[in-house]
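>
Protein chains in written order, with the working numbering: chain A, 2 to 640; chain B, 2 to 640.
Laid out in structure tokens, this is it:
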């Protein structure tokens, strides 16, 4: 761990984005995604799955009113994962058990968005939701509409499967974002009251439980950094320390006895500091690993950091799609075994890649290692961006690397693979998660410490801090050209991540390479010109991955490309690239020479070399697929 | 349909098998499988899943005794698919709802076996079971132990999901086999009483239902042929005619309203004569299609035969593995969509290939078309034989074309893929089905009509009929050499199927080719020498099948070969055949020159031609895989 050196990411207010690639995306999020989700949370989008989210807060608010008047509210069962018109009373909670979190994620996105671009109407909408939410809180700080509406007595009785601590985590993150944007403390105070209740409830000599779906750990650390209240950090650490201990708390609370196999899903099979492999539900996993990194850093805990490194290496080297997708199996939305990365059955949830970015940034803040920025980039430009349509009005939850629309309809093994983005999901974790990540993109570009400013992403930005005023002008995606205009206030080191995809680059200053970064001593104001040679590349996958034997993927810079039926006709599996193809790149599109096999109507026949015809194959960026209606898509192509 | 020409298969008693390849297999079935299953049905095999089959008949017998004494027996719920120690009363029915059928299938195998090889002890064992079974029959002829033990009032109340008519079908087939072997009418009479009840219960102006799991249709036709009782044939036809009519009977009996989508599984989405594609549960499918062929023939119904042909073509050309496996998806153990034939997710149930052989023979008996014999051969020598271990004591239910033991354990999408054969299954349809097919193999070799003897399989046999006494000496598998020694009684035509795998053959007599058969006029006693040149071949799969792009399978004669880890090491996906390999064939083993890729530890890297090393690749017959413990296996190999 000789490369261990702490740094902190710059905050939204310190970094303004102005980037030819990203401007339109952040603008779509601001002008379309956030307003769209405001309506979706109130079930005002025609043809979209119902959310019930705001409705639940309103119902819970009415319960609180009754309680204040001394009226005992009606009770309803608390025994489902999803509640809807068909399986519960109309006055009961509706939606998934974690439905509250969607409002919090939306508020978090709004907070970031307001910091980037103040908008009075949007602030008013946020305040409207905050008022509705705060009316739903119990006097003791508890806030989970499922239990408040259906049965308060059962609160915290099923940490394994129910999501109160998860909802709390999102509440805290949303509250912090809003407070930093508007100074409105109302939601933050509410979140702190809930946090206080949690700290009073869980810990040594208290209930020795921990979250079934991790995130409260990360949120408590954030809340600690904002408020300085040590209990928040300690409770986060307690959750990490207690997880996976025997007897399992998830057994104890249910009065059963089960084996480690039952808790891989929740990463609670063994204590986190003994974990070496990414397992179980992928989103839960990366949220836990992020918190482990937080605690490892806060307590300078090398043992816990070693566990984070092992898990990181396992993900990066054995369990990640070329698109930065993770969690390859639909069953449990989970990490599969090493090298099990099927293209057509992939799960690769948008949220999981977002969580991977959280984990990556935390690791980058602990250790100088360009891999973290590389993986962040891979996930961001491919799976995360693919999660949203061009217009920001439809979303992918699952991000496959090969799609045959017929199969999605007819093959139940692929029912999770949607050939086109959906308007909304009853389980809508991904769209608001995407909104909050893109709205806070500024926070994933730089980290710094006293001496060094690390550049992890080449996104056009303007920043001002104690070291310098810097304008980063970026044509990273189009040409690989990047310019830093630095107005130096004091000497510092600029550390530039050399992207893993780049073999050839020029930097107009003298530099030293260490751990994948080019370190440049800045002693005076200057302009630095960088050219990352962005070529079209053929990428092979390890031959341990059975799905990709004999195939390649096409990339250019950080973007993974794919082929679609709209450009290349049906039966994409019949296409083949030349062994040494000539590429033509224009306006984000790649053309390559290749071959198309003649369709072979006989099911089994004696082998002859395939009957092929030359053709031009058109590749588009992966994140852009599925914007032209239902059609075949494939990232990998035969060579 | 100019090739339509009826023929009938020869019966066991007319054909004695003596074949260097098959003798040891039929002997294993006779001496190991049948005695083993006798014990399994009584739960006397250590470590095997419980059957409960005979126990249920004994329990039902006790219910009948009580009824005779006027004692009303206790009732139990009838609401599960599988009943066991944990979910039902110890006095209630145990096992799957179709558990009775295992005894009937065993008896059917025993009947065939006794015809081939009389064995007094085995006959006594059969009689012992027959006595136990017959004591379980109600006075009105009804016999299904689930309903007799648990709740007689609910008989025939759930044709869709419960299996009374299915059990009846197997009962009738078992009874016919035993009767033909020993002349013991007891079970046959019982089956006819049950058949009479069924004919009285279902039909025009009666209950307009039909079986959820088809087979009663086939069985009723067989029973009609034995007894001449027209009602049996008519009821079989009624079941075919009524199936898929709207409103759906399966809706009516449950008081619901559903769409065609709900009944693809049972092939009851539309009437059989309108069906053009093989859909739904594959075993149910081929049992229905067999019965459709029976009825098409019995009524000379061209419309129904056309439906059979369409379905046949769909299976043969679009939905069949190279191994003759059908039903490629685990979900519903069902046919998937056209060309969806994944290797590693295959279902390809042993029973489905057995049913495909039933369908094939019936089609061959209607129309002269060598395809039927070809498919029969493909299924028989590959998927069916693969269903059983060398010693006949363990079995495959599912017959994948690619196996990674790690994946079967860790990937829930592959939990149906067993890397080694199992001792028994709680749902043990396949092992006794295999026993009955292998024990009656004689019936799948020849069909004949007044003029012609069709040879569909080249299995060493001696037969005597009105045309001739014939000894077929076969080295079909080893060398492709086959000799017919014919003692002619009257002139006839001998029609020899030219196997689809054979490009080059010599026949010592003059012949005409028609519909894939070589027709030879036999006017006097003579010997005919045939040489089917059996070469090692590389077979490609249509490029519409995505799983096999860039790969080939190796075959020799009717046998599909595979590679196993035991011979070729781990990571079979890293092996590659030379484009024009040199093959060495010896003792059933094929050696070929090829390459092994160096293991590639980096998950994503710039494409370079694979780093390969020459090696010899060893192939064994597919049916023989998994006899050396858990290991990787693959039928297809990269080329």
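Each residue gets a CB set at the ideal place from its N, CA and C atoms; glycine is no exception.
(1) When you compare the CB positions of residue 434 of chain B and residue 106 of chain B, do they come within less than 7 Å of one another, or not?
(2) For residue 354 of chain A, which three-state DSSP category applies?
(3) Using a Cβ-Cβ cut-off of 7 Å, state whether residue 412 of chain B counts as contacting chain A.
(4) What does the Cβ neighbour count give for residue 559 of chain B, buried or exposed, with the cut at 16 atoms within 10 Å?
(5) What does the Cβ neighbour count give for residue 449 of chain B, buried or exposed, with the cut at 16 atoms within 10 Å?
(6) Between residue 438 of chain A and residue 240 of chain B, what straight-line distance do the alpha-carbon atoms span, to the nearest angstrom?
(7) What residue from A:119, A:47 and A:21 has the CA that sits closest to residue 14 of chain A's CA?
(8) Identify the residues that DSSP records as bridge partners of residue 18 of chain A: which are they?
(9) Check the Cβ-Cβ distances between residue 409 of chain B and every residue of chain A, and say whether any is below 7 Å.
(10) So is residue 607 of chain A in contact with chain B if we call contact Cβ pairs under 7 Å?
(11) Quick one: list the residues of chain A neighbouring residue 582 of chain B, beta-carbon separation under 8 Å, in chain order.
(12) What are the partner residues of residue 273 of chain A, as DSSP defines its beta bridges?
(13) If you count every other CB in all the chains shown that lies within 10 Å of the CB of residue 7 of chain A, and 16 or more means buried, which is it?
(14) Apart from the five residues just before and just after residue 227 of chain A, which ones in its own chain have a Cβ nearer than 8 Å to its Cβ?
(15) Going along chain A, which residues have a C-beta under 7 Å from residue 574 of chain B?
(16) Can you tell which of B:233, B:247, B:54 and B:149 has its C-alpha closest to the C-alpha of residue 66 of chain B?
(17) Please list the partners that residue 235 of chain A has in chain B, where partner means a Cβ-to-Cβ separation under 7 Å.
(18) Closer than 8 Å, Cβ to any Cβ of chain B: which residues of the region 600-633 of chain A, in chain order?
(19) By how many angstroms is the C-alpha of residue 142 of chain A removed from the C-alpha of residue 194 of chain A?
(20) Please confirm if the region 371-378 of chain A is in contact with the region 613-620 of chain A, defined as three or more CB-CB distances below 8 Å between the two stretches.
(21) For the beta strand (DSSP E) containing residue 37 of chain A, list its first residue and its last residue.
(22) Could you confirm whether any beta carbon from chain A is found closer than 7 Å to the beta carbon of residue 314 of chain B?
(23) How far does the beta strand (DSSP E) with residue 384 of chain A in it reach, from first residue to last?
(24) Using only the heavy atoms of the ligand PLP, determine whether one of them is closer than 6 Å to the beta carbon of residue 395 of chain B.
(25) Among the residues of its own chain, which have a CB less than 8 Å from the CB of residue 42 of chain B, if the five just before and after it don't count?
(26) So the candidates are A:528, A:548 and A:561; which of them puts its Cα closest to the Cα of residue 536 of chain A?
(27) I'd like to check one pair, residue 517 of chain A with residue 347 of chain A: are the Cβ atoms closer than 7 Å?
(28) How about residue 505 of chain A and residue 534 of chain A: are their beta carbons less than 7 Å apart?
(29) Where does the unbroken beta strand (DSSP E) through residue 574 of chain A begin, and where does it stop?
(30) For residue 79 of chain A and residue 101 of chain B, I'd like the C-alpha separation in whole angstroms.
(31) Give the secondary structure of residue 84 of chain B by DSSP, where H, G and I count as helix, E and B as strand, and everything else as coil.
(32) Short of 6 Å in beta carbon distance, which residues of its chain neighbour residue 513 of chain A, apart from the five on each side in sequence? Order them along the chain.
(33) Along chain A, which residues have their Cβ under 7 Å away from the Cβ of residue 541 of chain B?
(34) Determine the contact status of residue 292 of chain A and residue 219 of chain A, defining contact as a CB-CB distance below 7 Å.
(35) Enumerate in chain order the residues of its own chain whose CB-to-CB distance from residue 48 of chain A is below 8 Å, with the five nearest sequence positions on each side excluded.
(36) Could you spell out where the beta strand (DSSP E) holding residue 668 of chain B opens and where it closes?
So, to answer that:
(1) yes
(2) helix
(3) yes
(4) buried
(5) buried
(6) 60 Å
(7) A:119
(8) A:462
(9) no
(10) yes
(11) Ordered by position in chain A, no residue passes the 8 Å Cβ test against residue 582 of chain B, which lies about 10 Å from the chain.
(12) Residue 273 of chain A pairs with nothing; no bridge assigned.
(13) exposed
(14) 177, 180 and 189
(15) 544, 547 and 550
(16) B:149
(17) Residues of chain B passing the Cβ test: none, with the nearest at roughly 37 Å.
(18) 600, 601, 602, 603, 604, 605, 606, 607, 608, 609, 610 and 611
(19) 5 Å
(20) no
(21) Looking at the DSSP string, residue 37 of chain A is not in any beta strand (DSSP E); the run it does join, the alpha helix (DSSP H), is 35-41.
(22) no
(23) From DSSP, residue 384 of chain A is part of no beta strand (DSSP E); its letter is neither H nor E.
(24) By its list of ligands, the structure shown contains no ligand whatsoever, and the ligand PLP lies outside what it can speak to.
(25) 52, 54, 55, 103, 104, 107 and 130
(26) A:561
(27) no
(28) yes
(29) First-last for residue 574 of chain A: undefined, no H or E at that position.
(30) 41 Å
(31) strand
(32) 520
(33) 606 and 608
(34) yes
(35) 424
(36) Because chain B is modelled from 2 through 640, residue 668 of chain B falls outside the range shown and cannot be assessed.
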